[in-house]
Amino acid sequence: MKQLDLLKYSTHDCSVCRSMGEFDARVAAELGLSYVDVDLKDPVVYGRYRKILLTRFPYKRSLALPTYLLVADPLGEFSILGEVIGGLPEPGFRQALQKLLASDAAAADTPEPVDAPQGTVQAPG
Numbered sequence: 001m002k003q004l005d006l007l008k009y010s011t012h013d014c015s016v017c018r019s020m021g022e023f024d025a026r027v028a029a030e031l032g033l034s035y036v037d038v039d040l041k042d043p044v045v046y047g048r049y050r051k052i053l054l055t056r057f058p059y060k061r062s063l064a065l066p067t068y069l070l071v072a073d074p075l076g077e078f079s080i081l082g083e084v085i086g087g088l089p090e091p092g093f094r095q096a097l098q099k100l101l102a103s104d105a106a107a108a109d110t111p112e113p114v115d116a117p118q119g120t121v122q123a124p125g
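Following the working numbering, the numbering of the sequence shown begins with 1 at its first residue and continues without gaps.
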C-alpha cells in the first residue's frame with residue numbers, strides 16, 4: 001500500500017486553522033496518513049510544497065484556509081488524490097478524510113489512472 005500524506009496549507013494567524021490544529025494531525029495519524037503542516041508564511045516549508053499547491057490552485061485566489069490536500073509522493077512525482085477545504089468539526093473532518101481514502105481505494109481497483117483530484121470536500125459556508 002502506498003504511503004499518503006495529508007498536507008495542511010494554512011497560516012499561523014488563521015483562527016480556523018488553529019482550531020482544526022487541535023485535532024487534524026491526530027485524526028490523520030489515526031487514519032494512517034503522514035501529516036505535514038505547510039505554513040504559507042514559512043518560506044522553507046512552503047517552498048518545499050509550493051508546486052503541489054499551485055498545481056491545484058494556480059492563482060491562489062480561490063484558496064481558502066485551511067486547505068488539506070491528500071497527496072501521494074509529495075516530494076517526488078506527486079499526485080493529488082483529493083482535498084478538504086475550510087473548517088470542519090472533528091467528526092466532519094474525519095468523515096471527509098475517510099471519504100477521500102475510500103475514493104482512492106476504489107480508484108486503485110480501476111485500470112485507468114486518474115490525474116485530476118478524485119474528491120473535494122468543502123466545508124459548508
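Where is the CB? At the ideal position from N, CA and C, for every residue including glycine. Bear in mind that the values here come from a model prediction, so they are computed numbers and not experimental data.
Check                                                                                                                                        : Outcome
Checking 8 Å against the spacing of the C-beta atoms, do residue 56 and residue 69 come in under that value?                                 : yes
Can you tell me the Cα-Cα spacing of residue 13 and residue 94, whole angstroms?                                                             : 24 Å
Out of curiosity, what's the CA-to-CA distance linking residue 6 and residue 36?                                                             : 6 Å
Give the range of the alpha helix (DSSP H) segment to which residue 83 is assigned.                                                          : Not the alpha helix (DSSP H): residue 83 falls in the beta strand (DSSP E), residues 79-85.
Excluding the 5 residues flanking residue 28 on each side, which residues of the same chain have their C-beta closer than 8 Å to its C-beta? : 6, 34, 35 and 97
Where residue 59 and residue 105 are concerned, what is the direct C-alpha to C-alpha distance, given to the nearest angstrom?               : 30 Å
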